[in-house]
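At position 205 of the sequence shown the residue is numbered 289 (my numbering), and the sequence of numbers has no breaks.
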Amino acid sequence: MVVSCDKDSGVSLELAPESEAAVKEGLLFNSEGGEVNLHFSTSEDLEPVVSVVYNDNESYQWIITDSYLEQGHGCVTIRCDRSDDSNTREALVTVVVGDAGFSVKVSQSPVGYVTTSRDEYVFGSAGESAEIELETNGTLTCRFKFSTIKWIKHELVKKEKGYALSLNVDANEGFGRVAFADIYVDGVKCRTISLRQQPAKFSENTVIVTTGAGQLYVLLGDDEDNLGNIRALELVGRINALDLYVLAKRLFKSGAVSQHYPLELDLWNASIVPGDKPYDPELSIDMPEQIPTVDYATLPDYYFDGAANIVSLRIPGNTETIGSYCFRNCRGLDRIEIPEDVITVKNGAFKGCLNLVDIVIGPESRLKSIGNYVFDTGSRINSLYLPYGLSDISHDAFKRCKVVDLYVGWDVPPVLEVMPDVKVLYVPVGTKSAYEASTCWSGIPDIIEYNPEIE
85 MVVSCDKDSG
95 VSLELAPESE
105 AAVKEGLLFN
115 SEGGEVNLHF
125 STSEDLEPVV
135 SVVYNDNESY
145 QWIITDSYLE
155 QGHGCVTIRC
165 DRSDDSNTRE
175 ALVTVVVGDA
185 GFSVKVSQSP
195 VGYVTTSRDE
205 YVFGSAGESA
215 EIELETNGTL
225 TCRFKFSTIK
235 WIKHELVKKE
245 KGYALSLNVD
255 ANEGFGRVAF
265 ADIYVDGVKC
275 RTISLRQQPA
285 KFSENTVIVT
295 TGAGQLYVLL
305 GDDEDNLGNI
315 RALELVGRIN
325 ALDLYVLAKR
335 LFKSGAVSQH
345 YPLELDLWNA
355 SIVPGDKPYD
365 PELSIDMPEQ
375 IPTVDYATLP
385 DYYFDGAANI
395 VSLRIPGNTE
405 TIGSYCFRNC
415 RGLDRIEIPE
425 DVITVKNGAF
435 KGCLNLVDIV
445 IGPESRLKSI
455 GNYVFDTGSR
465 INSLYLPYGL
475 SDISHDAFKR
485 CKVVDLYVGW
495 DVPPVLEVMP
505 DVKVLYVPVG
515 TKSAYEASTC
525 WSGIPDIIEY
535 NPEIE
């Protein structure tokens with residue numbers, strides 16, 4: 085409504101064309117709020133007086149106004165706050181300059197809602213059609229996001245009650261994938277639905293390359309029959325606590341069933357990084373709220389504990405710490421490679437690995453510290469190398485440790501509280517006499533010198 089003076093009055097006011105149209109139609113904001121500028125001109129520079137009257141005598145002032153007038157040109161800014169109200173809000177804003185002015189009705193839509201039966205929908209690799217029912221209090225629109233190609237055709241259909249999101253899912257010929265449907269109510273984003281598809285049939289030898297941490301939940305899928313096809317898995321790229329949890333949950337087996345799912349696991353080219361979230365924060369996952377945290381370059385305590393189906397393992401090449409009892413009771417494991425960057429191996433790391441006969445530690449190893457019962461495997465290890473820099477050795481580090489050939493890099497024999505059971509001891513050139521004279525080491529029947537640089 086526009087109010088202006090007659091010809092005999094002192095002040096005249098004229099709205100700009102766009103502002104006049106807005107005043108006539110009224111201002112409608114969605115629940116997110118916003119602001120509108122109304123421009124006008126007057127015959128005199130008098131201070132505009134702006135008032136707001138709220139319907140239902142609301143105590144909360146959800147409209148903020150500002151105004152100026154200079155050299156006959158004025159502007160009133162009407163700002164509307166974000167609404168969490170489930171009802172429409174209304175108010176009347178009046179602007180007066182002298183004895184002229186105008187009023188504009190301001191309305192704000194209620195906060196939109198949309199409900200569906202769940203936040204994640206999972207589809208088989210063969211492709212299928214599906215329909216998702218959506219209830220809402222407004223007008224729905226939908227936008228899809230794909231990380232790669234578009235593999236879902238979709239249509240949003242208005243129903244007598246709410247809407248239906250009709251989906252036509254293509255067949256999948258690769259690893260698991262996910263798309264996101266952003267649902268908007270009256271133009272405001274209210275919900276995101278995860279649409280996940282299982283991977284195609286895995287081959288016995290599978291290589292997965294991640295482009296970021298937190299992807300295995302999608303790439304591996306959770307079809308147990310399909311996962312059971314994998315006999316050798318190589319991972320390349322960054323992995324976090326969620327990836328490690330998914331890997332253990334979906335591929336590690338214990339008990340009698342483990343013999344049916346032997347697994348060679350190669351993580352050498354995978355890098356452990358901090359974090360426990362999926363690669364996309366909008367991804368809905370069916371996982372515990374609290375996943376054990378993982379420090380940088382660290383294999384967590386008990387991580388492989390009881391994974392009896394693992395027969396061969398290369399741990400991530402960037403690993404610096406192997407947690408306590410990390411490989412305990414991995415009874416199918418017969419060989420493991422320890423990366424050169426590993427500094428610490430904690431208590432009982434290989435305890436109960438009854439078939440473990442090869443623990444590969446390279447000559448450039450940075451290993452400095454080992455905990456108690458580290459090599460208490462219950463087996464006799466064929467060959468074991470202990471590097472020169474290994475200096476922090478726990479009291480019972482070698483308790484119940486049995487080794488055929490033990491190679492050491494120490495020029496000076498260390499004093500060990502508990503000695504390993506060794507058949508042949510290999511020591512650096514020029515140190516044999518020192519080892520034979522050592523109380524700890526002299527009991528080994530066969531001591532042979534070797535050149536670590538050549539061996």
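We put the beta carbon where it would ideally sit given N, CA and C, even for glycine.
Reduced DSSP secondary structure (H/G/I, E/B, other) of glutamate 204: Looking at glutamate 204 - three-state DSSP - the assignment turns out to be strand.
Valine 269 versus threonine 276 - alpha carbon distance: Valine 269 and threonine 276 have their C-alpha atoms roughly 12 Å apart.
Serine 250 - containing beta strand (DSSP E), residue span: Segment 247 to 253, the beta strand (DSSP E) holding serine 250.
Leucine 507, enclosing beta strand (DSSP E) - first and last residue: One detail in the question is off: residue 507 reads as lysine in this sequence, not leucine. For lysine 507, the uninterrupted beta strand (DSSP E) run begins and ends at 505 to 512, by DSSP.
Neighbour-count burial assignment, asparagine 171, 16 or more Cβ in a 10 Å radius: Of the other Cβ atoms in all chains shown, fewer than 16 fall within 10 Å of the Cβ of asparagine 171; this residue is therefore exposed.
Which residues DSSP lists as bridging histidine 479, in chain order: Looking at the DSSP assignment, histidine 479 forms no beta bridge with any residue, so it has no partner.
Rounded separation between isoleucine 532 and glycine 432 - CA only: Computed Cα separation, rounded: 29 Å.
Extent of the continuous beta strand (DSSP E) to which arginine 261 belongs: Segment 261 to 269, the beta strand (DSSP E) holding arginine 261.
Bridge partner(s) assigned by DSSP for isoleucine 277: Isoleucine 277 has Ala265 as its beta-bridge partners, per DSSP.
Residue of Ile422, Ile445, Thr515 minimising C-alpha distance to isoleucine 399: Answer by Cα proximity: Ile422.
Proximity below 9 Å, CB of asparagine 393 to CB of leucine 319: Taking 9 Å as the cut-off, the beta carbon of asparagine 393 is found no closer than this to the beta carbon of leucine 319.
Residue span of the alpha helix (DSSP H) that contains glutamate 109, given as start and end: Counting along the chain, the alpha helix (DSSP H) containing glutamate 109 begins and ends at 101 to 109.
7 Å Cβ shell around phenylalanine 230 - same chain, five flanking residues per side excluded: Sequence-distant partners of phenylalanine 230 (beyond 5 residues in either direction) whose C-beta falls short of 7 Å from its own C-beta, in its chain, are Ala263.
Three-state class that DSSP yields for glycine 339 in the structure shown: Glycine 339 falls in the helix class under three-state DSSP.
Three-way DSSP call (helix, strand, coil) for lysine 91 in this model: Residue placement at lysine 91 cannot be trusted, given a pLDDT of 48 that sits under 50; the coordinates are not used to answer.
Contact between the region 283 to 290 and the region 304 to 319 (3+ Cβ pairs under 8 Å): Short answer: they touch.
The region 210 to 221 touching the region 239 to 251, judged by at least three CB pairs closer than 8 Å: Here the region 210 to 221 makes contact with the region 239 to 251; the two share three or more CB pairs at distances below 8 Å.
For arginine 280 and valine 177, the rounded distance between their alpha carbons: Taking the straight line from one Cα to the other gives about 49 Å.
Beta strand (DSSP E) segment containing glutamate 404, residue limits: In the DSSP assignment, glutamate 404 falls outside any beta strand (DSSP E), carrying neither H nor E.
For leucine 440 and isoleucine 420, believed in contact at Cβ under 8 Å, the rounded distance: Sure, about 7 Å apart at Cβ, within 8 Å.
Run of the beta strand (DSSP E) containing valine 320, from where it starts to where it stops: Boundaries of the beta strand (DSSP E) around valine 320: 316 to 323.
Rounded C-alpha distance that separates alanine 325 from valine 341: Roughly 26 Å separates the two Cα atoms.
Buried versus exposed call for lysine 242 [16 or more other C-beta atoms within 10 Å across all chains shown]: Label assigned to lysine 242: exposed.
Contact the region 110 to 121 vs the region 187 to 201: 3+ CB pairs below 8 Å: At 8 Å Cβ cutoff, the stretches touch.
Inter-residue Cα distance where the pair is serine 522 and threonine 428: Computed Cα separation, rounded: 26 Å.
Minimum C-alpha distance to cysteine 226 - residue among Trp235, Ser209, Ile233, Val198: In terms of Cα proximity to cysteine 226, the closest of Trp235, Ser209, Ile233, Val198 is Val198.
Which residues DSSP lists as bridging arginine 163, in chain order: Glu119, Ile148, per the DSSP bridge assignment.
Assigned secondary structure, tyrosine 519 (DSSP; H/G/I helix, E/B strand, else coil): Tyrosine 519: helix per DSSP, three-state reduction.
Cβ neighbour criterion (16 or more within 10 Å) applied to lysine 237: Exposure of lysine 237 is indicated by the presence of fewer than 16 other C-beta atoms within 10 angstroms of its C-beta.
Distance between alanine 175 and valine 137 (C-alpha atoms, nearest Å): Near 6 Å, if we compare the C-alpha coordinates of alanine 175 and valine 137.
Coil, strand or helix - glutamate 308 by DSSP: Per DSSP, reduced to three states, the secondary structure at glutamate 308 is helical.
Enclosing beta strand (DSSP E) for isoleucine 422 [first to last residue]: Here the beta strand (DSSP E) through isoleucine 422 covers 419 to 422.
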